[in-house]
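**Q** Those letters in the sequence shown? Residues 1 to 649, per UniProt numbering, in order.
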Amino acid sequence: MLEDQGVKDYSVSPPTIEDVFLKVAQNKTIQAGVSPVDQGNEKVETQPDQGTDVSGIHLADGESIGMVRQAQVLFMKRWTILRRNWLPALIATVIPIIAAGCVTLFLNNFTMQQCDWPNVPKTTDPTEAVAGFSSIFGPSTELTPQRLAMLAAAMDPWKNTSSTNTSLTREKFATVDSIDQFNQGIDANYSTITPGGIYLGDRSNEPRFAWRADGDYGSVGYATVVQNMFDSQLINREIETDFRAFDVPWTPDVKNALQLIAYSVLVMACYPAFLALYPTFERTQSIRAMHYSNGVRSLPLWLAYLAFDSVIVLIASVMVIVIWVARSDVWYEPGYLFIVLFLYGIASVLLSYIISMFATSQLAAFAFAAGKQACFFLVYMIAYLSIMTYAPIEKIDSEIITMHFVIAVFSPIINLARAMFLTLNLFSVLCRGKKTVNYAGELKAYGGPILYLILQCLFLFGLLLWWDSGFVLPWTREKEPVADDEVLADADDHRGDPTLSPSNMGLRVLHLDKHFGKFVAVEDVTFGVPQGEVFALLGPNGAGKSTTIGLIRGDIRPSSKHGDVLINNVSIIRHRAKAQKHLGVCPQFDAMDQMTVVEQLRFYARVRGVSNPKHNVDEIIRAVGLQQYQNTLAAKLSEIRISMTPKLP
Numbered sequence: 001m002l003e004d005q006g007v008k009d010y011s012v013s014p015p016t017i018e019d020v021f022l023k024v025a026q027n028k029t030i031q032a033g034v035s036p037v038d039q040g041n042e043k044v045e046t047q048p049d050q051g052t053d054v055s056g057i058h059l060a061d062g063e064s065i066g067m068v069r070q071a072q073v074l075f076m077k078r079w080t081i082l083r084r085n086w087l088p089a090l091i092a093t094v095i096p097i098i099a100a101g102c103v104t105l106f107l108n109n110f111t112m113q114q115c116d117w118p119n120v121p122k123t124t125d126p127t128e129a130v131a132g133f134s135s136i137f138g139p140s141t142e143l144t145p146q147r148l149a150m151l152a153a154a155m156d157p158w159k160n161t162s163s164t165n166t167s168l169t170r171e172k173f174a175t176v177d178s179i180d181q182f183n184q185g186i187d188a189n190y191s192t193i194t195p196g197g198i199y200l201g202d203r204s205n206e207p208r209f210a211w212r213a214d215g216d217y218g219s220v221g222y223a224t225v226v227q228n229m230f231d232s233q234l235i236n237r238e239i240e241t242d243f244r245a246f247d248v249p250w251t252p253d254v255k256n257a258l259q260l261i262a263y264s265v266l267v268m269a270c271y272p273a274f275l276a277l278y279p280t281f282e283r284t285q286s287i288r289a290m291h292y293s294n295g296v297r298s299l300p301l302w303l304a305y306l307a308f309d310s311v312i313v314l315i316a317s318v319m320v321i322v323i324w325v326a327r328s329d330v331w332y333e334p335g336y337l338f339i340v341l342f343l344y345g346i347a348s349v350l351l352s353y354i355i356s357m358f359a360t361s362q363l364a365a366f367a368f369a370a371g372k373q374a375c376f377f378l379v380y381m382i383a384y385l386s387i388m389t390y391a392p393i394e395k396i397d398s399e400i401i402t403m404h405f406v407i408a409v410f411s412p413i414i415n416l417a418r419a420m421f422l423t424l425n426l427f428s429v430l431c432r433g434k435k436t437v438n439y440a441g442e443l444k445a446y447g448g449p450i451l452y453l454i455l456q457c458l459f460l461f462g463l464l465l466w467w468d469s470g471f472v473l474p475w476t477r478e479k480e481p482v483a484d485d486e487v488l489a490d491a492d493d494h495r496g497d498p499t500l501s502p503s504n505m506g507l508r509v510l511h512l513d514k515h516f517g518k519f520v521a522v523e524d525v526t527f528g529v530p531q532g533e534v535f536a537l538l539g540p541n542g543a544g545k546s547t548t549i550g551l552i553r554g555d556i557r558p559s560s561k562h563g564d565v566l567i568n569n570v571s572i573i574r575h576r577a578k579a580q581k582h583l584g585v586c587p588q589f590d591a592m593d594q595m596t597v598v599e600q601l602r603f604y605a606r607v608r609g610v611s612n613p614k615h616n617v618d619e620i621i622r623a624v625g626l627q628q629y630q631n632t633l634a635a636k637l638s639e640i641r642i643s644m645t646p647k648l649p
């Protein structure tokens with residue numbers, strides 16, 4: 001029909017979030033009886049849109065609400081969003097639970113290390129080298145009965161294995177007549193020769209011996225036995241030699257314990273990173289900036305988010321402990337381990353929040369949050385094993401404690417790793433001599449990780465608030481007075497009204513500069529806007545309008561130290577949260593959360609302290625004609641508009 005009338009280009013646009021603000025503002029003006037608008041020498045009569053009944057729109061005013069009430073509203077907002085974006089929360093909850101069940105496979109026939117070492121196998125003695133004796137001797141002419149008796153004595157320095165002495169007969173030796181035959185015999189039978197071979201030399205070759213470098217007895221044990229046999233043959237005398245290694249206070253299950261701890265800790269490093277996804281989305285989409293511009297404060301916001309994510313941490317921590325305790329009773333004081341798991345989760349969530357403050361995307365936030373923790377755990381394990389390998393034996397314990405308390409300052413994962421070492425007594429960390437630690441809560445036991453995690457939670461939460469609230473250190477700011485006449489000139493549109501003063505100005509922008517690398521977006525901008533005045537900031541694309549507005553809102557910090565923005569004489573640089581109470585923002589971008597139109601409007605009404613949010617929401621939806629879209633996601637309004645626009649030829 002339109003084409004028949006010659007209309008070729010057209011579009012259909014449903015209401016958008018901008019319409020809500022503009023329509024309501026227009027309607028309030030009409031109700032106030034302000035119809036003539038002065039535009040230079042002309043007067044334009046303002047009329048309501050045809051077909052829109054603006055009579056009878058009565059919106060309840062909002063009022064400032066306390067932090068507790070605001071935190072409740074924000075907490076309920078997270079629950080509303082969870083219904084539509086439940087996958088990250090589900091993954092964060094399920095992954096540690098599944099991992100806890102899988103790592104219990106390492107507990108099959110697991111024996112926990114005891115401090116008195118009653119079950120530690122003793123080192124084998126040299127007489128065990130006689131078992132499976134098979135050797136090479138040369139030259140063959142030197143293997144006399146007398147030498148055979150000395151060989152038997154060398155194998156039995158305690159003279160208490162006579163039954164094995166008789167087995168040391170000539171048949172146990174493969175004899176050779178030259179050094180070449182000796183080398184060939186070793187090369188051909190290196191896997192079966194025990195404990196080694198002897199060649200006493202000839203006119204052309206010096207004496208030499210070879211020993212087995214593997215097996216249960218060990219290279220040092222075999223080498224000691226063969227060298228004793230070799231020396232006794234050279235000097236033609238019996239030599240009594242005794243060799244025993246120190247008992248190693250590690251159970252054979254130490255490998256399983258290490259794998260269990262490594263896999264568990266790495267999974268625990270990942271799951272809090274999923275909780276950084278929504279805060280990152282909220283910041284990168286300017287949703288949080290929209291919240292702050294509508295009266296939301298940093299403290300209740302992060303308290304609400306932490307309380308919400310703490311539910312996930314609590315569920316995961318409880319289920320992990322239940323699975324582990326139900327599977328085995330080898331754990332030392334699992335109640336303390338639960339406290340460490342929960343505090344670790346809280347500290348890691350706060351760390352993820354801080355990372356979300358500067359991450360460029362959700363993927364970057366997750367990778368950095370999980371990768372940082374995993375890297376610190378790797379560094380911790382390298383340092384731990386290096387100390388055990390290279391430190392003097394009398395200093396190992398003290399150096400490990402020092403290393404732990406230093407590295408644990410920088411990452412919560414280190415305290416969790418220490419708790420896992422304690423609960424399985426890995427490397428005998430629970431032992432005090434031959435006794436187990438008396439009190440599990442002492443500083444060198446679970447007390448240290450718990451104390452560190454509490455301090456880290458407090459520090460990270462304080463750092464988060466400091467960063468997000470825009471506080472700056474006093475010594476980083478330069479005081480440079482701004483001439484009032486310069487601000488007043490801008491504020492009065494260069495008419496020089498002497499009645500104006502800084503005290504009655506709603507907005508003062510003072511010497512703002514903003515550089516992005518070498519690009520100068522804003523340079524020394526100064527102006528003022530008195531209360532009750534409408535001020536328009538005009539300019540071509542790339543002139544710095546959006547950057548200036550971002551600086552005024554507090555979303556962007558000035559590059560210079562002396563620039564400032566005063567809103568009702570409150571600095572948004574020094575007291576951003578307080579200054580933003582006096583701001584109301586209608587952005588040009590769709591800073592819409594994952595909520596419907598009704599939920600979006602209801603949320604902001606509650607945050608603004610409206611006594612009857614439902615009434616205001618219904619009035620606004622009726623006024624702007626959003627009835628058919630009230631249960632549509634607010635972020636989809638622009639998409640609906642685009643989809644209804646036909647493609648032009």
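Note that beta-carbon positions come from the ideal geometry of N, C-alpha and C, so glycine has one too.
Which class does alanine 210 belong to by DSSP, given the choice of helix, strand or coil?
**A** Here alanine 210 sits in strand by DSSP.
**Q** Could you give the distance in angstroms between the alpha-carbon of alanine 534 and the alpha-carbon of valine 94?
**A** Reading off the sequence shown, one finds valine at residue 534, where the question assumed alanine. Roughly 54 Å separates the two Cα atoms.
**Q** CB-CB under 7 Å to aspartate 253, same chain, minus the five flanking residues each way: which ones, in chain order?
**A** Excluding residues within five positions, the ones whose Cβ falls inside 7 Å are Phe110, Thr111.
**Q** Looking only at DSSP bridge pairs, what is alanine 174 linked to?
**A** In the DSSP output, where bridge partners are listed per residue, alanine 174 has Ile136.
**Q** Does the beta-carbon distance from methionine 595 to isoleucine 65 come in below 8 Å?
**A** The answer is no: Cβ separation not under 8 Å.
**Q** Return yes when at least one heavy atom of the ligand SAH lies under 7 Å from the C-beta of glutamine 181, else no.
**A** Within the structure as shown, the ligand SAH is missing, as the structure has no ligands at all.
**Q** To which residues of the same chain is threonine 547 closer than 8 Å at the C-beta, ignoring the five residues directly before and after it?
**A** Only Lys514, Ala521, Val522, Ile556 meet the Cβ criterion.
**Q** With a cut-off of 8 Å on the beta carbons, I'd call arginine 508 and glycine 528 a contact; round off their distance for me.
**A** Yes, arginine 508 and glycine 528 are in contact; Cβ-Cβ is about 5 Å, under 8 Å.
**Q** Mark isoleucine 339 as exposed unless 16 or more other C-beta atoms lie within 10 angstroms of its C-beta, in which case mark it buried.
**A** It is buried - the Cβ of isoleucine 339 has at least 16 other Cβ atoms within 10 Å.
**Q** By the three-class DSSP mapping on this structure, what secondary structure does aspartate 329 have?
**A** Coil at aspartate 329, not helix or strand.
**Q** Measure the alpha-carbon distance for leucine 277 versus alanine 536 and round it to whole angstroms.
**A** Cα to Cα, leucine 277 sits roughly 37 Å from alanine 536.
**Q** Mapping DSSP to helix, strand and coil, what is cysteine 115?
**A** Correct three-state label for cysteine 115: coil.
**Q** Look up isoleucine 235 in the DSSP assignment and say whether it is helix, strand or coil.
**A** Three-state DSSP puts isoleucine 235 in a helix.
**Q** Mind the definition here: the stretch 387-401 touches the stretch 301-318 only if three or more C-beta pairs lie below 8 Å; say whether that holds.
**A** Result no; under three Cβ-Cβ pairs closer than 8 Å.
**Q** Around the Cβ of valine 349, are there at least 16 other Cβ atoms within 10 angstroms (buried) or fewer (exposed)?
**A** Buried: at least 16 other Cβ atoms inside 10 Å.
**Q** Which of helix, strand or coil does DSSP assign to aspartate 618?
**A** Looking at aspartate 618 - three-state DSSP - the assignment turns out to be helix.
**Q** Assign lysine 77 to one of two classes, buried (16 or more other C-beta atoms within 10 Å of its C-beta) or exposed (fewer than that).
**A** Lysine 77 is buried by the Cβ-count criterion.
**Q** Starting from glutamate 523, follow the alpha helix (DSSP H) in both directions and report where the run begins and ends.
**A** Element bounds for glutamate 523: not the alpha helix (DSSP H) but the beta strand (DSSP E), 519-530.
**Q** Thinking C-beta only, is proline 195 closer than 8 Å to valine 176?
**A** Contact flag unset, no.
**Q** Between the C-alpha atoms of glycine 447 and isoleucine 323, what's the straight-line distance to the nearest angstrom?
**A** Taking the straight line from one Cα to the other gives about 24 Å.
**Q** Over the uninterrupted alpha helix (DSSP H) stretch that includes histidine 404, give me the two end residues.
**A** That run of the alpha helix (DSSP H) goes 396-407.
**Q** Taking the C-alpha atoms as reference points, what is the distance between glutamine 628 and proline 272?
**A** Roughly 39 Å separates the two Cα atoms.
**Q** Would you call the stretch 447-467 and the stretch 411-427 in contact, with 3 or more CB pairs under 8 Å?
**A** They touch, by the three-pair rule.
**Q** Give me, in chain order, the residues of the same chain whose beta-carbon lies closer than 8 Å to that of valine 265; leave out the 5 immediate sequence neighbours on both sides.
**A** Result list for valine 265: Phe377, Ile413, Leu416, Ala417, Met420, in chain order.
**Q** How should phenylalanine 106 be labelled, buried or exposed, when 16 other C-beta atoms within 10 angstroms of its C-beta is the threshold for buried?
**A** By the 10 Å Cβ count, phenylalanine 106 comes out buried.
**Q** Going by DSSP in three states, threonine 241 sits in which element: helix, strand or coil?
**A** Residue state, collapsed to three classes: coil.
**Q** To the nearest whole angstrom, what separates the beta carbons of alanine 440 and glutamate 282, a pair I think is in contact under 8 Å?
**A** 40 Å between Cβ atoms; not a contact.
**Q** Taking the straight line between their C-alpha atoms, what separation do you get for alanine 347 and serine 317?
**A** Their Cα atoms are separated by approximately 13 Å.
**Q** Short of 8 Å in beta carbon distance, which residues of its chain neighbour valine 437, apart from the five on each side in sequence? Order them along the chain.
**A** Same-chain partners within the cutoff: Leu430, Cys431, Lys444, Ala445.
**Q** Quick one: grab the DSSP three-state call for threonine 360.
**A** Of the three classes helix, strand and coil, the one that applies to threonine 360 here is coil, per DSSP.
**Q** Let's see if you can read the secondary structure: which residues bound the alpha helix (DSSP H) around histidine 291?
**A** From DSSP, the alpha helix (DSSP H) with histidine 291 extends over 287-293.
**Q** Give the DSSP-derived three-state secondary structure of tyrosine 439 in the structure shown.
**A** In this structure, tyrosine 439 counts as coil in the three-state DSSP scheme.
**Q** From isoleucine 97 to asparagine 569, what does the alpha carbon distance come to, in whole angstroms?
**A** Distance between the alpha carbons of isoleucine 97 and asparagine 569 is about 53 Å.
**Q** Opposite phenylalanine 516 in the DSSP bridges: which residues?
**A** According to DSSP, phenylalanine 516 bridges with Phe519.
**Q** Using DSSP's beta-bridge definition, name the partner residues of valine 565.
**A** Answer is Val509.
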